[in-house]
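Undergrad: The structure that follows is given in the form of structure tokens.
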Amino acid sequence: MTDTNSGLDLSRFHLHLEDGPRIRPVSLASGDRPAEGRTLAVFPAERPEDVHPDSWEMHPGGDELLILCSGRLELDIEDASGMRTVELTPRTGQVVPAGSWHRLRLREPSVLLAITHRSGTQRRKDREAEIGAQPAHLWSGGRSIMAQELQARPIRTDRPDAEGMARLLHLSGHCRSVSARVLLAGC
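Just so you know, the sequence shown maps onto residues -9 to 177 in the working numbering.
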């Protein structure tokens, strides 16, 4: 039962949008996951782990609408035409077609609103995570590069510079997998 004298706390409730005219609050504590209809949920994300960047999901039962309220996220979508990345900024959204694998990557603390048909939702681990390599994007000359590419490049610098770069990469959350040891290998 919800308190009718105050607003609905969307950090504790999702809204179940039934196929008819009803909207029903569902307590997150109850663990109730309605099988039919759509779910409206608001997700705050402060850390990369909050959006599970090493996991992909797919909703075969219907499209998913993602709307970014604040912050910055990247949405990777994999479908029959290949993989693409969509940058979400405040007040932008994206429809993820039913049956498309997708994942989110946090770029700034964010608040995301999602409307999802959860019926048949599937999850899988990131293929790179399965073999022990976490994807990590950096920007070089206006293009995204993977940490694996960075590791393959010879880096010539002195030890304090390399340690400082590794610390900055780690603190920024952009490159958890690159350590000072990797950067120092080129010294």
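For every residue, glycine included, the Cβ atom is placed at its ideal position computed from N, Cα and C.
A quick note: this is a predicted structure, and the numbers were derived from the prediction, not measured.
Taking the runs of the beta strand (DSSP E) that are 3 residues or longer, which of them lie wholly in the segment 16 to 86?
TA: Fully enclosed beta strand (DSSP E) runs of 3 or longer: 28 to 35, 45 to 48, 54 to 69, 72 to 78, 82 to 86.
Undergrad: For the beta strand (DSSP E) holding A88, just list the boundary residues, first then last.
TA: No beta strand (DSSP E) holds A88; DSSP gives it neither H nor E.
Undergrad: Taking only three categories from DSSP, how would you classify P11?
TA: Correct three-state label for P11: coil.
Undergrad: Take A88 as the anchor and find which of V101, R62, S60, D53 has the nearest alpha-carbon.
TA: With distances taken between Cα atoms, A88 lies closest to D53.
Undergrad: May I ask which residues mark the beginning and end of the beta strand (DSSP E) holding R113?
TA: 112 to 115 is the span of the beta strand (DSSP E), which, as asked, contains R113.
Undergrad: Keeping to the same chain, check which residues put their C-beta closer than 6 Å to that of V16; ignore five residues upstream and five downstream.
TA: H4, H6, D22, listed in sequence order.
Undergrad: When the Cα of T106 is compared with those of L30, K115, E8, which residue comes out closest?
TA: It is L30 whose Cα lies nearest to the Cα of T106.
Undergrad: So, with DSSP's three-state summary, where would you put H107?
TA: Note: H107 maps to coil in three-state DSSP.
Undergrad: Mind checking whether P38 and S1 have CB atoms under 8 Å apart?
TA: Contact: no.
Undergrad: Leaving aside the five residues before and after H42 along the sequence, list all residues of the same chain whose C-beta is less than 8 Å from its C-beta, in chain order.
TA: Counting only Cβ-Cβ distances below 8 Å, and skipping sequence neighbours, we find R93, L94.
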